[in-house]
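Novice:
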RNA sequence: GGGGAGAUGGCGGAGUAGUCAAACGCACCAGACUGUAAAUCUGGCGGCUUCGGCCUACGAAGGUGCGAAUCCUUCUCUCCCCA
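Numbering (the numbering used here), first residue to last: 343 to 651.
(1) What do you reckon, are the CB atoms on residue 548 and residue 355 nearer than 7 Å?
(2) Tell me whether residue 549 sits in a helix, a strand or coil according to DSSP, three-state version.
(3) Between the region 385 to 392 and the region 567 to 585, can you find at least three pairs of beta-carbon atoms closer than 8 Å?
(4) Check whether the region 478 to 488 touches the region 506 to 521, counting contact only when three or more Cβ pairs, one atom from each stretch, lie closer than 8 Å.
(5) Is residue 374 closer than 7 Å to residue 420 when the C-beta atoms are compared?
(6) Run the CB neighbour count on residue 527, radius 10 Å, all protein chains shown included, and call it buried at 16 or more, exposed below.
(7) Go ahead and label residue 608 buried or exposed: buried means 16 or more other beta carbons lie within 10 angstroms of its beta carbon, across all protein chains shown.
(8) Grab the span of the alpha helix (DSSP H) containing residue 489 for me, first residue to last.
(9) Between residue 438 and residue 348, is the Cβ-Cβ spacing less than 7 Å?
(10) So, under 8 Å CB-CB, residue 436 and residue 530 are touching, yes? Tell me the CB distance rounded to an integer number of Å.
(11) To the nearest angstrom, report how far apart residue 596 and residue 562 are at their CA atoms.
(12) What span of residues does the alpha helix (DSSP H) with residue 618 cover, start to end?
(13) Among 411, 427, 491, 533, which has the Cα closest to the Cα of residue 522?
(14) Excluding sequence positions up to five away, which residues of its chain have a Cβ less than 6 Å from the Cβ of residue 450?
(15) Would residue 473 pass as a contact of residue 518 if the rule is Cβ separation under 7 Å?
(16) Identify every residue that forms a DSSP beta bridge with residue 395.
(17) Return helix, strand or coil for residue 419, following the three-state DSSP convention.
(18) Nearest CA to the CA of residue 409: which residue from 617, 585, 575?
(19) What separation, rounded to the nearest whole angstrom, lies between the Cα atoms of residue 469 and residue 603?
(20) So, at 6 Å on beta carbons, what are the nonlocal neighbours of residue 514 in its own chain, with the 5 sequence-adjacent residues on each side left out?
(21) So what does DSSP say about residue 570, is it helix, strand or coil?
(22) Distance, Cα to Cα, residue 511 vs residue 630?
(23) Leaving aside the five residues before and after residue 376 along the sequence, list all residues of the same chain whose C-beta is less than 6 Å from its C-beta, in chain order.
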C-alpha cells in the first residue's frame, strides 16, 4: 500500500496555515511549505510566514533557508520537497504539503521533464531579438522548431516563447518531445489534495485586512532592508516589493502603496484559484458551506474519513 | 444676485449629428500555464439572444432633423469666478 501525502492548497489568506497546523497536530504530521517566497530569509512579513509560535506547534520544512539573493524554482522545490517527504515518512509521520504556489505543487505531484535549467545568456540574447524584431518574430521561430509548443503559447507571452526556444537550444530537443517524460510524487505515493476556498468577497476582505496588518507589522522597514541587498530573479517579484519601492521613490504615498498591494494580492489570489480549479483531483472545502472552520471538518468530519482513511 | 464651465457605462475619461452599446485607462469576471509562477499572457465586460439580431442607454422633459451622446428650448444638479 502506498504511503499517504496530504496537500492543502488554495488562494492566499484563505486560512491554509492554521488548518495545516491543526491537522498536523491531530494526525502527527509535518508541514512542508509549497511557497516560492517563504523560503527566503528576511521576508517574514512580506511572505506571511507562519509565526514562531505556529511553527513550534508542528514541524515546518522549506521555510527561511535561502538568502534573498538565491534563486529558487519549481524544480528545486520539487526535488527538496520529495526528499523531505521521504524523510518524514521514514519517521512514521504524515507529510502535509501546504501552499499556494500552483506550479510548484504541480511539479512536485506530476513531475517535471529533465532539463539543464535556465541559461541567462540565451535568454538575454532572445530578449534582444524580441526587442529588435518583435515577439511575433520569436514566435515564428518557435513555430519552425517546435510547432506544437508554439501553438500552445500566445505570441505575446514572451517569457514562455523564450523558454521554449531556450529548451531547444540547451537540450537540442523540443519542449514537446520532453514533456511526456515526467514522473512525480503521484507515481510513488497516495496523494490527497484538498483545496480551501471561500466566498470571493470575504476572501478579498481578508486580504485587505491582512495587508493592513502587514503595514502595522513593519513591512515598509522589511522592504527597505531587502532593497539594500541584491535580490534574486525569484525573490524580487514578491508582492509588496515594487509597491513599496514606488513609495520610497516618491511616486505615491503610503496609502497608495497599501492600496496597490491589496489590489495586486487580490488579483494574485484570483489567479491562484484559476490554477487550482483546473486540477480535477482537488477535493474542495468551501468554508462558507459551514459555519465552522474547515479545519474542524477536515480533521473530525466526514471529509477526513471519506478521503483519507 | 450676476457671469462662466459642466453633467457620458462600476469609476476615471474620449466622443460633439450617421460607420456609437460609445475610444482608452482602471476595477471586476473568466481562461492559459512544465525551471522567473507572488511571474507571464489571453479573452470578456448594458440586458436578452435560435448569434442573425433585438431591446434599453450618454442628468430630465420636450423640440428640430431621414437620423441626436452630439443641435435648440426649458428644468434639475455640480463646480468655478464676481458680488
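Glycine included, every Cβ here is placed at the ideal spot set by N, Cα and C.
Specialist: On the basis of the data shown:
(1) Position 206 of the first chain, counted from the start, is the residue given in the question as residue 548. Position 13 of the first chain, counted from the start, is the residue given in the question as residue 355. Yes, the Cβ-Cβ distance between residue 548 and residue 355 is below 7 Å.
(2) As a working mapping, residue 549 is identified with position 207 in the first chain. Residue 549 falls in the helix class under three-state DSSP.
(3) yes
(4) Yes: at least three Cβ pairs fall under 8 Å.
(5) Counting from 1 along the first chain, the entry for residue 420 is found at position 78. Counting from 1 along the first chain, the entry for residue 374 is found at position 32. Not a contact, by the Cβ cut-off of 7 Å.
(6) Here residue 527 refers to the residue found at position 185 of the first chain. Classification of residue 527: buried, given that the 10 Å Cβ count is 16 or more.
(7) Your numbering for residue 608 matches position 266 in the first chain. Taking every protein chain shown into account, the CB of residue 608 has 16 or more other CB atoms within 10 angstroms, so this residue is buried.
(8) Within the first chain, residue 489 is the residue found at index 147, counting from 1. Taken as a continuous stretch (DSSP letters only), the alpha helix (DSSP H) holding residue 489 covers 489 to 494.
(9) The residue labelled residue 438 in the question sits at position 96 within the first chain. The residue labelled residue 348 in the question sits at position 6 within the first chain. Yes, the Cβ-Cβ distance between residue 438 and residue 348 is below 7 Å.
(10) Numbered from its first residue, the first chain carries residue 436 at position 94. Numbered from its first residue, the first chain carries residue 530 at position 188. Their Cβ separation, rounded to whole angstroms, is 15 Å, which puts residue 436 and residue 530 out of contact at 8 Å.
(11) As a working note, residue 596 is residue 254 in the first chain. As a working note, residue 562 is residue 220 in the first chain. Their backbone Cα atoms lie some 9 Å apart in a straight line.
(12) Locating residue 618 in the first chain gives position 276, where the first residue counts as 1. Unbroken alpha helix (DSSP H) run through residue 618: 596 to 619.
(13) Position 180 of the first chain, counting from 1, holds the residue named residue 522. Of the candidates 411, 427, 491, 533, the one whose C-alpha sits nearest the C-alpha of residue 522 is 491.
(14) Counting from 1 along the first chain, the entry for residue 450 is found at position 108. Excluding sequence neighbours, residue 450 sits near 420, 423, 527.
(15) Here residue 473 refers to the residue found at position 131 of the first chain. Here residue 518 refers to the residue found at position 176 of the first chain. In this structure, residue 518 does not lie closer than 7 Å to residue 473 by Cβ.
(16) For the purposes of this step, residue 395 is identified with residue 53 of the first chain, where counting begins at 1. According to DSSP, which records beta bridges pairwise, residue 395 is partnered with nothing at all.
(17) On the first chain, residue 419 is found 77 positions in, with the first residue counted as 1. Residue state, collapsed to three classes: helix.
(18) If you number the first chain from 1, residue 409 lands on position 67. Ranking 617, 585, 575 by Cα distance to residue 409 puts 575 first.
(19) The residue labelled residue 469 in the question sits at position 127 within the first chain. The residue labelled residue 603 in the question sits at position 261 within the first chain. Cα atoms of residue 469 and residue 603: separation of roughly 28 Å, rounded to the nearest angstrom.
(20) One-based indexing of the first chain puts residue 514 at position 172. Excluding sequence neighbours, residue 514 sits near nothing in its chain.
(21) Counting from one through the first chain, the residue named residue 570 turns up at place 228. Looking at residue 570 - three-state DSSP - the assignment turns out to be coil, as it is neither helix nor strand.
(22) The residue you call residue 511 lines up with position 169 of the first chain. The residue you call residue 630 lines up with position 288 of the first chain. The alpha-carbon atoms of residue 511 and residue 630 are separated by roughly 49 Å.
(23) Looking up residue 376 in the first chain gives position 34. Cβ within range, chain order: 439, 441, 443, 446, 447.
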